[in-house]
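Down below is the structure, laid out as structure tokens.
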Amino acid sequence: MEHSDKPLVVVGSVLVALILIVGFNSFIDIKDKQHKGQPEAGYTLEKKEAAAASAPATGDAPATGDAAAGPAAEPAPGGSVDVAALVAAGDVAKGKKRFARCVSCHSYKKGDPSKSGPNLYGLVGRDVASLPDYAEKYSAAMKAKGGQWTLEELSAFITSPKKAVPGTGMIFPGLKKEPQRANLLAYIKTLSD
Ligand code: HEC
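Residue numbers for the sequence shown follow numbering that gives the first Met the number 0, beginning at 0 and rising by one.
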């Protein structure tokens with residue numbers, strides 16, 4: 000009996016050994032795969048971080064939101080950009096945040112006195128340099144401009160105040176990015192009756 004049992008024991012332990020080896024190998028395999036996966040995950044993270052880091056450097060909001068007006072940015076048939084369409088597609092909430100750059104000089108609530116710049120309530124469609132409580136303070140350049148603050152005029156002025164109205168008293172570098180201006184104007188449009 001003892002004699003005939005031995006081969007079985009041997010076979011048994013060989014099997015156990017095999018299972019252990021196979022098991023161990025696939026364990027190593029799994030570890031290996033996890034390892035190979037890692038650099039890639041780290042890479043995508045780096046890329047995202049790099050993108051996030053470069054965004055504030057340009058003074059830009061993350062591309063996702065401000066680019067919302069994307070398709071509308073196509074030049075209008077006349078060759079110029081259709082500002083009204085851009086503004087219509089603008090993001091009011093984002094524009095409101097952007098407007099924070101204006102409030103140091105501009106009040107914007109109905110009836111509030113003007114600050115160092117004229118109150119901007121009811122701005123869209125208003126005659127240029129027409130606010131009574133600011134009449135004495137408008138620059139000669141602004142008074143000479145004439146016309147109304149249409150969305151197009153506002154867009155040009157905000158892009159570069161000193162180019163649109165040479166000699167203006169408004170010291171503001173300008174907001175060059177189209178989607179940001181569209182968002183800002185979408186918000187400014189809401190400041191009216
Ligand atoms: C540093 C102060 C300052 C900042 C910041 C500023 N403005 Fe002005 N703004 C002025 C002054 C001063 C005037 C009057 C300019 C003139 O008479 O030439 C003015 C005039 C204007 C006018 C003409 C209004 C009218 O009654 O004809 C508009 C429109 C305007 N600003 C929009 C803006 C917007 C939008 C922003 C933010 C993106 C902004 N401004 C930021 C100071 C400022």
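The beta-carbon is built from N, C-alpha and C at its ideal position, and this holds for glycine as well.
- Contact between the segment 84 to 100 and the segment 170 to 184 is present: three or more C-beta pairs spanning the two stretches fall below 8 Å.
- Following the DSSP letters along the chain, one finds serine 154 inside the alpha helix (DSSP H) bounded by residues 150 to 158.
- Under the three-state reduction of DSSP output, aspartate 192 falls in the coil class, being neither helix nor strand.
- Taken through DSSP and simplified to helix, strand or coil, valine 80 comes out as strand.
- Straight-line spacing of the CA atoms in serine 129 and threonine 149 works out to 14 Å.
- DSSP, read as helix, strand or coil, puts aspartate 132 in helix.
- Nearest to proline 165 by alpha-carbon distance, out of Glu151, Ser138 and Ser154, is Ser138.
- Under DSSP, aspartate 126 forms a beta bridge with Gln147.
- Of all alpha-carbon atoms in Lys175, Gly124, Gly116 and Val80, the one lying nearest the alpha-carbon of threonine 189 is that of Gly124.
- In terms of side-chain proximity, the C-beta atom of glycine 110 is found no nearer than 8 Å to any non-hydrogen atom of ligand 1.
- Cβ neighbours of glycine 168 within its own chain (closer than 6 Å, five residues either side excluded): Ser138.
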